[in-house]
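Some notes on the structure that comes next.
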Amino acid sequence: MINEKLLRPNSIVVVGASNNIAKPGGKIIKNLLDHNFTGDLFAINPNESKIQGIPSFPDVAELPEVDLGILAIPAKFCLQTVTDLAEQNNTKAFIIISAGFGETSDAGKELEQQIVKVVEEHDACLIGPNCIGVMTPWHASVFTTPIPELTHEGCDFISGSGATAVFIMESGIPKGLRFANVFSVGNSAQVGVEDVLAYLDEHYEDGVSPRVKLLYIENINNPDKLLHHATSLIRKGCKIAAIKAGSSSAGSRAASSHTGALTSSDAAVEALFRKAGIVRCYGREELTTVASVFMCKGLHGEKLAIVTHAGGPGVMLTDALEDGGLKIPEIADSEAKKLLLQKLFPGSSVENPIDFLATGTAEQLGHIIDACENDFDIDGMAVIYGSPGLFPIGDVYEVLSEKMKVCKKPIYPILPSIINVKDDVAHFLSRGNVNFPDEVLLGRALTKVMNTSKPVAETEEADGVDTEALKAVIAATENGYQPPEVIHKLFDLAGIPRVKEMVAKSESEAVLAAMNLGFPVVMKVVGPVHKTEVGGVILNVRSVTQVRKEFHHLFEIEGTEGVLIAQMASGSELFLGATYEETFGHVVLCGMGGIYVEVMKDVASGLAPLTHDEARSMVNSLKSYKILKGFRKQEGVNIDKYVDIIVRLSWLLRNATEIKEIDINPLLGNEQEILAVDARIRIER
Numbered sequence: 001m002i003n004e005k006l007l008r009p010n011s012i013v014v015v016g017a018s019n020n021i022a023k024p025g026g027k028i029i030k031n032l033l034d035h036n037f038t039g040d041l042f043a044i045n046p047n048e049s050k051i052q053g054i055p056s057f058p059d060v061a062e063l064p065e066v067d068l069g070i071l072a073i074p075a076k077f078c079l080q081t082v083t084d085l086a087e088q089n090n091t092k093a094f095i096i097i098s099a100g101f102g103e104t105s106d107a108g109k110e111l112e113q114q115i116v117k118v119v120e121e122h123d124a125c126l127i128g129p130n131c132i133g134v135m136t137p138w139h140a141s142v143f144t145t146p147i148p149e150l151t152h153e154g155c156d157f158i159s160g161s162g163a164t165a166v167f168i169m170e171s172g173i174p175k176g177l178r179f180a181n182v183f184s185v186g187n188s189a190q191v192g193v194e195d196v197l198a199y200l201d202e203h204y205e206d207g208v209s210p211r212v213k214l215l216y217i218e219n220i221n222n223p224d225k226l227l228h229h230a231t232s233l234i235r236k237g238c239k240i241a242a243i244k245a246g247s248s249s250a251g252s253r254a255a256s257s258h259t260g261a262l263t264s265s266d267a268a269v270e271a272l273f274r275k276a277g278i279v280r281c282y283g284r285e286e287l288t289t290v291a292s293v294f295m296c297k298g299l300h301g302e303k304l305a306i307v308t309h310a311g312g313p314g315v316m317l318t319d320a321l322e323d324g325g326l327k328i329p330e331i332a333d334s335e336a337k338k339l340l341l342q343k344l345f346p347g348s349s350v351e352n353p354i355d356f357l358a359t360g361t362a363e364q365l366g367h368i369i370d371a372c373e374n375d376f377d378i379d380g381m382a383v384i385y386g387s388p389g390l391f392p393i394g395d396v397y398e399v400l401s402e403k404m405k406v407c408k409k410p411i412y413p414i415l416p417s418i419i420n421v422k423d424d425v426a427h428f429l430s431r432g433n434v435n436f437p438d439e440v441l442l443g444r445a446l447t448k449v450m451n452t453s454k455p456v457a458e459t460e461e462a463d464g465v466d467t468e469a470l471k472a473v474i475a476a477t478e479n480g481y482q483p484p485e486v487i488h489k490l491f492d493l494a495g496i497p498r499v500k501e502m503v504a505k506s507e508s509e510a511v512l513a514a515m516n517l518g519f520p521v522v523m524k525v526v527g528p529v530h531k532t533e534v535g536g537v538i539l540n541v542r543s544v545t546q547v548r549k550e551f552h553h554l555f556e557i558e559g560t561e562g563v564l565i566a567q568m569a570s571g572s573e574l575f576l577g578a579t580y581e582e583t584f585g586h587v588v589l590c591g592m593g594g595i596y597v598e599v600m601k602d603v604a605s606g607l608a609p610l611t612h613d614e615a616r617s618m619v620n621s622l623k624s625y626k627i628l629k630g631f632r633k634q635e636g637v638n639i640d641k642y643v644d645i646i647v648r649l650s651w652l653l654r655n656a657t658e659i660k661e662i663d664i665n666p667l668l669g670n671e672q673e674i675l676a677v678d679a680r681i682r683i684e685r
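Counting in UniProt numbering, the sequence shown runs from 1 upward without gaps.
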């Protein structure tokens, strides 16, 4: 896997090197030379004795020992070249730029595996194939541009796509975002995104290693590894943001329940990121804006001051921040507020946003920032200052840069005039600062960062869950959808509250069950999967006569095996379910029932097992959360009980991987209790 010979090689050979810098083998050499690789650099080209001024050999047999081999040759020649370098030249790291492997055919995949076997037999590491290469502060082994400033004060960036890596860097560099190490893993034949992240975690040094990690992921091959190392890094003080491509519903599988229809691999990704504390992004601009937020001092609170000399951007930023849950509070009247207003031009406003007009000066900006830092009850500042091109504003940016360094509260600079004063902006960025040229993107990124949960502290087991008895019940079942008596046993053992129910096979059994439960009752057909679609649910049955009538009606439905008689519960309709996703485990979904789950798809996902903090975070993230709490004099539900039921379901699933799909729809809840009314469980071994 990843080793020091890849990160800090003393010698590099480029196989397939060229004097033509329009070819990958030529551009790699140029990038290495231009970006000051100080070790020994060699080339392999049978037709040249020198390549761009460095020694070139006809084949690897004439090379000395070399740490890193970079291959830019046709795929069919790569296996023998890797073998020769590993055996003859003690090469311990390889980057294969070449395409034509597993991404094209089964034969290409087999060739990849043969190369990996050779690499691992020699205790070496392999990046690629089909990648752009690797960049570290020691070497820029890529055939692309741009080459960002590579510094330990920048961010680590791991990408499953070479082209996307280039585009993300092109998005980040103009914002002042700097990079430390860039890994393009390509086909991930040996080393994938998770493996690079694991290395960065296992070799993390506080105060030395970059604290910001960016990921572009196309496939998550080892969710547990990603979760473990992302969580570990974040607990060490790192920040991680990631794009997971492929989130459309087109890849969702068909299923018979609401849960199955809603759950996809993307829901599993969402749950994984939530559990780890990763900020999920959906595009390049969002990712690099979030990364720039990470580069600023941390915001510890929800109250922002907006300092601006232009009204419109201040309004748009206010909207974006408040839409995401942050606050732009009014500045309370005080002596400090009066003194600040006296230092500004007439017509300025010291409310919030704080508007110091288009003619505002560097000195005035300094006074405003000092007041926000020391006198006003706010937690951070966003400063908007551009230019119509009338006069120089470099002194304003100098003040802003200095204040960003000395203030304890974070300052987010919004310098939108990237054409009118591009030289001043460039100088501002050269001092190690970032810039947010679009205030709305900043607002959305900042709220996304603030609303991302912290990693789960520890695993906690739900009280009173009888795991051995659960396993015994599961072991006694057959594959397929389970009868009510099995569901009842599982819920009772897990401590999931449910309505009292009895299954009747005859009219007399139905009458007796209804009398024992007490009227009113609900009658449901047992057998057909979609009860409501076949008219198999009768609510509010209030008499023995009605029980007799409805029993015969239900037994006429095709496929009926019995009639379930249940107590009539009341309250708001909730939803809870889970499906088993290969490699991820059980994905638990929660939300309000009815149209909220069926039409609006307002659900939150988590990976089992869940802690109470995780489950509460899921519930809090729902768009319908205010309704759950109670809205406009309408009774809410007991959130604590709902959270506890979610945790209990997750622990039921933790001990029963045979359950591939579970759907509790609905749960009915009020402020006193929440009861499972109907449920479906499918077991497959």
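We put the beta carbon where it would ideally sit given N, CA and C, even for glycine.
query: Separation of Lys117 from Ile639, as counted between CA atoms; result: 53 Å
query: Reduced DSSP secondary structure (H/G/I, E/B, other) of Lys422; result: helix
query: In DSSP terms, what Ala462 is bridged to; result: Paired residue(s): none; Ala462 is not in a bridge.
query: Option in Leu68, Ser188, Ala93 and Glu62 with minimal Cα separation from Glu112; result: Ser188
query: Distance CB(Ile40)-CB(Ser11) smaller than 8 Å; result: Note that residue 40 is Asp in the sequence shown, not Ile. Result yes, Cβ atoms of Asp40 and Ser11 sit closer than 8 Å.
query: Cβ-Cβ separation, Pro129 to Ala72 (assumed contact under 8 Å), whole Å; result: Contact flag wrong, Cβ pair sits at about 11 Å.
query: Which of helix, strand or coil DSSP assigns to Gln482; result: coil
query: Residue environment, Pro9, which counts as buried when at least 16 other CB atoms sit within 10 Å; result: buried
query: At least three beta-carbon pairs within less than 8 Å, the segment 507-522 to the segment 586-597; result: no
query: Proximity below 8 Å, CB of Ser624 to CB of Asp644; result: no
query: Identity of the residues DSSP links to Phe94 by a beta bridge; result: Gly69 and Leu126
query: Nearest residue (CA-CA) to Ala305, options Lys236, Met295 and Asp377; result: Asp377
query: N- and C-terminal bounds of the beta strand (DSSP E) containing Val537; result: Val537 to Val541
query: Three-pair Cβ contact test at 8 Å for the segment 148-167 versus the segment 131-138; result: yes
query: Run of the alpha helix (DSSP H) containing Ser617, from where it starts to where it stops; result: His612 to Asn620
query: Top-ranked residue by Cα proximity to Lys403, from Glu501, Cys155, Leu226 and Glu373; result: Glu373
query: Unbroken stretches of the alpha helix (DSSP H), 4 residues or longer, contained in the segment 387-441; result: 394-406 and 422-430
query: For Ile21, the nearest candidate out of Val142, Lys408 and Gly172 (CA to CA); result: Val142
query: Beta carbon of Ala676 nearer than 8 Å to that of Phe491; result: yes
query: Residue environment, Leu339, which counts as buried when at least 16 other CB atoms sit within 10 Å; result: exposed
query: Straight-line gap, Ser349 to Leu341 (C-alpha atoms, nearest Å); result: 7 Å
query: Per-residue DSSP class, three states only, for Thr136; result: strand
query: Close beta carbons around Pro528, own chain, < 8 Å, minus the five adjacent residues each side; result: Val534, Gly536, Ile557, Glu558, Gly559 and Thr560
query: Val434 versus Leu177 - alpha carbon distance; result: 6 Å
query: Counted within 10 angstroms of its Cβ, other Cβ atoms place Arg680 as buried (16 or more) or exposed; result: buried
query: Runs of alpha helix (DSSP H) wholly within the segment 1-58 (minimum 4 residues, chain order); result: 4-7 and 24-34
query: Alpha-carbon spacing of Val425 relative to Thr452, whole angstroms; result: 31 Å
query: For Tyr580 and Thr657, the rounded distance between their alpha carbons; result: 8 Å
query: CA-to-CA distance, Val396 to Met618, given in whole angstroms; result: 43 Å
query: Nearest candidate by alpha-carbon position, reference Val440, set Val456, Ala382 and Asp423; result: Ala382
query: Residue environment, Gly192, which counts as buried when at least 16 other CB atoms sit within 10 Å; result: buried
query: Counted within 10 angstroms of its Cβ, other Cβ atoms place Asp195 as buried (16 or more) or exposed; result: buried
query: Segment limits, beta strand (DSSP E) that includes Cys281; result: Val279 to Cys281
query: Reduced DSSP secondary structure (H/G/I, E/B, other) of Cys155; result: strand
query: In DSSP terms, what Gln634 is bridged to; result: Phe631
query: Sub-8 Å separation of Gly636 and Glu671 beta-carbons; result: yes
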